[in-house]
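Report on the structure given below.
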Amino acid sequence: MHTVKKTINGKELSLETGRFAKLSAGSVMVRYGDTMVLVAANSAAEPKPDLDFLPLTCEYREKQASSGKIPGGFFRREARPSNKEILASRLMDRPLRPLFPKDWRSEIQVIGTVYSYDLENEPDMLAVIGASAALVTSDIPFSGPVSEVRVCRVDGEFVVLPTWSQIEASDLEIIVAGSDTSIVMVEGASKEISEADFVAAMEFAHTMIREINALQRELAALVNPTKREVASTAPPEEIVSAIDVAIADRIRKQIRISSSKEERNAFRSEVKKLATDAAAAVVAADAERFAAIKVDKVVSSIVKKIEAREMREMILTDGVRLDGRKTNEIRPITVETGVLPRPHGSALFTRGETQSLTTVTLGTKKSAQLIDGLRPTYELRYMLHYNFPPFSTGETGRFGFTSRRETGHGDLAERALEPFIPNEAEFPYTIRVVSDVLESNGSSSMATVCAGSLALYHAGVPMTNAVSGIAMGLILEGDRFAVLSDILGDEDFLGDMDFKVTGTMNGITACQMDIKVEGLSVEIMRQALAQARDGRLHILGIMNAHMSKPNDDLSQYAPKLTTIMIPVEMIGAVIGPGGEMIRSICKDTNTEINIEDDGSITIAAIDQASCDAAISKIREITRPIEIDTVFTGKVKEIREGLGAFIEIRPKKEGLLHISQLDHRRVENVGDILKVGELVQVKVIEVQPDGKVRLSRKALIPLPEGMEAQEERPRSPRPPYGGGGGDRGGRGGGDRGGDRGGRGGGDRGGDRYGRGGGDRGGDRGPRGPRDERPRDDRPREDRPHDDRPRDERPRDERPRDERPRDERPRDEQPREKPSGDGDFYVG
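According to the working numbering, the residues represented by the sequence shown are 44 to 869, in order.
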């Protein structure tokens with residue numbers, strides 16, 4: 044077991060081998076802070092000679108347990124790789140691939156697994172460092188080490204291996220991989236930084252790369268592995284010479300004639316036939332010696348090498364390319380917007396034989412993508428998807444499956460445009476951009492950036508700047524090199540570099556570089572960036588001439604969004620129990636409603652009328668409850684002798700007292716109201732504690748012949764009890780409470796529910812009860828003392844009146860229905 048360590052930014056970076064996955068050819072556990080990534084590298088024992096490419100597979104996986112999470116889904120286990128895992132896998136593959144022997148045909152598999160994540164130190168860079176360390180400590184031939192670091196600029200200062208919070212606060216995020224002498228891979232995004240700052244960031248990264256490479260060499264020296272032999276896959280020299288003689292002159296002449304991709308493919312087929320005939324003749328002449336040779340495979344490899352040799356020499360010597368352009372010349376460009384009537388935005392961008400049809404769709408917040416990774420779950424409201432169907436190259440192939448290449452190209456274009464996507468407060472839509480590549484002859488991802496920018500303009504998304512992109516190529520032979528602007532597919536295939544750069548008039552927004560050589564110098568990178576800037580500005584000029592700013596209006600087919608504010612305390616009322624109220628509003632008005640914690644509500648509808656209807660319902664729910672306000676409420680409960688509780692808005696009820704049901708006397712509440720029915724009521728009182736008293740009769744016309752009776756003002760209520768009518772605070776009933784027992788007694792006793800006292804003699808039998816309507820009976824207007832009885836001075840109490848607690852138990856008041864003032868608010 045061996046461990047090497049180095050302190051970077053005050054934290055220890057350690058590489059450990061011999062403890063985990065010991066049966067692998069090479070395995071290293073990388074730790075930085077509390078983030079730990081295990082990388083294992085293995086290679087098949089036997090080569091596959093039929094292959095004409097390096098069979099390398101790199102996989103990156105994040106275990107949810109590493110950050111203390113349990114995976115979602117029915118099975119509660121990690122499933123297919125996420126976009127982040129796919130992109131991290133590509134970040135592993137791209138710097139490693141150029142460093143394997145060109146003749147190596149044994150399958151190689153490198154797997155990086157995140158086992159601990161501290162939510163600050165990102166694991167993707169550690170996976171690449173671990174992959175290189177696992178390879179240099181294994182028996183697999185590898186021209187490493189190579190290291191990969193992320194560099195951010197925070198407050199004007201470069202930071203290597205930044206924390207998550209530093210990444211979030213930066214204006215530049217660039218990932219650089221390299222050997223001790225050169226840059227192998229670059230990828231990043233920024234907020235319109237200059238080319239000089241970009242180069243400075245790469246140089247800063249390269250300094251740290253060398254130090255981490257030294258740490259890997261230290262570990263390799265401790266392990267001291269024995270590397271496997273590399274079997275040559277070079278074809279016999281006799282066959283190579285015969286094919287060279289047969290086709291070299293024809294290729295040399297043809298490539299100097301400007302031609303289309305279709306014409307070049309037709310010529311390539313003719314040349315391959317000539318090469319096949321030449322190789323077959325050599326094999327037939329010595330059948331025993333060349334019995335194991337598969338002519339088709341050998342011919343394809345040799346033709347490719349001869350074609351690459353002739354093309355590269357023409358460019359380096361004459362400065363002329365396959366289609367007749369100079370090294371810094373851009374293909375003809377045409378731009379169209381609004382080519383599709385129904386999508387919310389659309390653009391067709393054509394550059395030479397590369398074409399992208401891009402659409403923009405605007406949706407509500409509910410259309411945002413939920414991202415559930417190692418970090419806390421969040422929503423993605425802007426996304427860009429890139430599709431590369433097989434017909435774009437005039438071929439057949441697998442269709443309907445998103446490849447890693449499509450995921451990577453879509454991510455690059457998404458990051459290129461992201462700095463200019465307005466924030467949610469300014470533009471509350473979810474934005475989906477989809478690029479379908481209809482023709483491809485190089486730089487399709489950069490055509491996506493240009494078409495995406497135009498489609499966003501056409502959709503009316505308020506972007507501050509247009510963005511364009513260009514792909515740069517490289518021909519490198521020893522000390523000679525040529526940087527190519529706007530490369531063709533063949534120049535990418537036969538060249539040494541594919542360097543994509545996007546940006547505005549003001550600076551770079553994204554980049555991605557892949558190379559096929561062991562590395563590039565900073566000087567070459569500097570020239571490529573300068574040449575890319577010229578091409579980028581040229582393309583922007585054409586785009587701006589067609590459409591210089593976003594449309595002022597959105598598509599008529601885009602959802603109409605309106606944002607209103609409500610008091611935070613009213614959010615629950617709008618949502619309703621279990622979301623019942625909000626679902627009802629959405630269903631009734633055909634809208635989509637989203638409520639934020641700060642009280643902001645966004646309403647989405649297909650037309651303004653639906654939006655206005657939803658707003659009206661929300662305003663009805665949230666409007667203040669004030670005296671004389673009229674509500675249509677639902678009868679929630681009926682209490683005979685008291686009245687009914689009316690829900691005037693969700694979770695808010697008021698009492699509709701029996702005396703307020705109708706102008707005439709009501710004996711049974713159930714005769715007028717039923718539970719669940721709607722009734723229109725008027726607020727007649729709102730107490731300081733929020734309790735509400737309602738009236739139905741205030742909204743009903745007075746019956747003919749009945750005179751309006753003036754409501755007596757309600758006296759202040761005592762601080763306790765809550766019962767009583769207008770004449771007191773303790774009893775119940777419409778007249779202010781029970782008048783006591785029928786048997787007489789003292790008139791000084793409590794008339795509001797306390798029972799009667801002795802009146803000083805027998806009143807005799809009660810006479811016949813007056814059958815007049817209760818409301819027509821004369822009222823007693825004698826003065827009334829609202830103070831609680833026991834608080835009145837003794838000298839003010841009637842004769843022989845005893846305090847309540849001193850009375851015998853059999854004289855204690857009986858429970859009576861509460862009066863019209865004893866009401867309830869839910």
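Note that the Cβ used here is the ideal one computed from N, Cα and C, for glycine as well.
As the structure is a prediction and not an experimental result, all values here were calculated from the model.
Inter-residue Cα distance where the pair is residue i and residue j
| i | j | result |
| --- | --- | --- |
| G440 | G615 | 54 Å |
| G416 | A468 | 26 Å |
| H45 | K65 | 12 Å |
| S702 | N711 | 11 Å |
| Y500 | M590 | 8 Å |
| N430 | R447 | 11 Å |
| V189 | G199 | 28 Å |
| E356 | V266 | 44 Å |
| P808 | Q730 | Because the pLDDT of P808 is 48, which lies under 50, any placement of that residue in the model is unreliable, and the number read from its coordinates should be weighed accordingly. Those two C-alpha atoms are separated by around 43 Å. |
| E728 | K740 | 14 Å |
| L262 | K91 | 31 Å |
| L583 | E313 | 40 Å |
| M72 | L413 | 31 Å |
| P465 | M506 | 7 Å |
| V403 | Q574 | 31 Å |
| I336 | R293 | 25 Å |
| I518 | S487 | 20 Å |
| D161 | L531 | 44 Å |
| V342 | I286 | 8 Å |
| K54 | I474 | 39 Å |
| E306 | T156 | 47 Å |
| G546 | P386 | 26 Å |
| P620 | K695 | 12 Å |
| K48 | I154 | 22 Å |
| D192 | E89 | Checking the sequence, you will find Val at residue 192 rather than Asp. Using only the alpha carbons, I get a separation of about 34 Å. |
| V510 | D732 | 59 Å |
| E534 | T50 | 43 Å |
Segment limits, alpha helix (DSSP H) that includes residue i
| i | result |
| --- | --- |
| Y500 | 487–502 |
| G578 | 565–589 |
| K316 | 304–328 |
| S175 | 166–179 |
Element boundaries [beta strand (DSSP E), containing residue i]
| i | result |
| --- | --- |
| V712 | V712 -> no beta strand (DSSP E), and no H or E assigned at all. |
| G406 | 397–406 |
| A741 | Careful: A741 lies outside any beta strand (DSSP E) and carries neither H nor E. |
| F688 | 686–692 |
| F674 | 673–682 |
| E663 | Where E663 is concerned, there is no enclosing beta strand (DSSP E), although the alpha helix (DSSP H) it sits in stretches over 651–665. |
| Q22 | Past the boundaries of the shown model lies residue 22; the chain is included only from 44 to 869, so the question cannot be answered. |
| V378 | 376–380 |
Other residues of its chain near residue i: CB distance less than 6 Å, five sequence neighbours each side excluded
| i | result |
| --- | --- |
| V870 | Residue 870 lies beyond the stretch modelled for the chain, which goes from 44 to 869, so this question has no answer here. |
| R62 | M44 |
| D705 | K740 |
| E150 | A87, P98 |
| L383 | S389 |
| D557 | R137, D541 |
| S598 | H387 |
Chain-order list of residues whose beta-carbon lies under 7 Å from that of residue i (same chain, five-residue window excluded)
| i | result |
| --- | --- |
| T224 | G562 |
| T269 | D182 |
| G395 | R374, P375, N484 |
Interface flag, residue i vs chain C, CB-CB below 9 Å
| i | result |
| --- | --- |
| I376 | Considering every chain present, this structure includes no chain C. It has just one protein chain. |
Nonlocal neighbours in the same chain, by C-beta distance under 8 Å from residue i, ignoring five residues either side
| i | result |
| --- | --- |
| I644 | T606, I607, M608, I609, V617, I636, N637, I638, I661 |
Ordered list of alpha helix (DSSP H) runs contained in the stretch 96–164, each at least 4 residues = 126–139
Sequence ranges, beta strand (DSSP E) only - wholly within the stretch 193–260, length at least 3 | 200–203, 215–221, 226–236
What are the complete beta strand (DSSP E) segments, minimum 3 residues, inside the stretch 411–473?
-> 412–414, 421–423, 425–430
Are at least three pairs of beta-carbons, each pair with one atom in the stretch 410–425 and one in the stretch 109–120, less than 8 Å apart?
-> yes
Evaluate the contact criterion for the stretch 298–317 versus the stretch 150–169: three or more CB pairs, one atom per stretch, below 8 Å.
-> no
Can at least three beta-carbon pairs, one atom from the stretch 600–614 and one from the stretch 566–577, be found at a separation below 8 Å?
-> no
Counting Cβ pairs, one atom from each stretch, are 3 or more of them under 8 Å apart for the stretch 174–181 and the stretch 123–140?
-> yes
Examine the Cβ distances between the stretch 273–283 and the stretch 143–160 and report whether three or more of them are shorter than 8 Å.
-> yes
Validate contact between the stretch 502–520 and the stretch 317–337 using beta carbons, cut 8 Å, 3 pairs = no
Between the stretch 622–635 and the stretch 671–689, are three or more C-beta pairs nearer than 8 Å?
-> no
When the Cβ atoms of the stretch 228–239 are set against those of the stretch 548–566, are three or more pairs found closer than 8 Å?
-> yes
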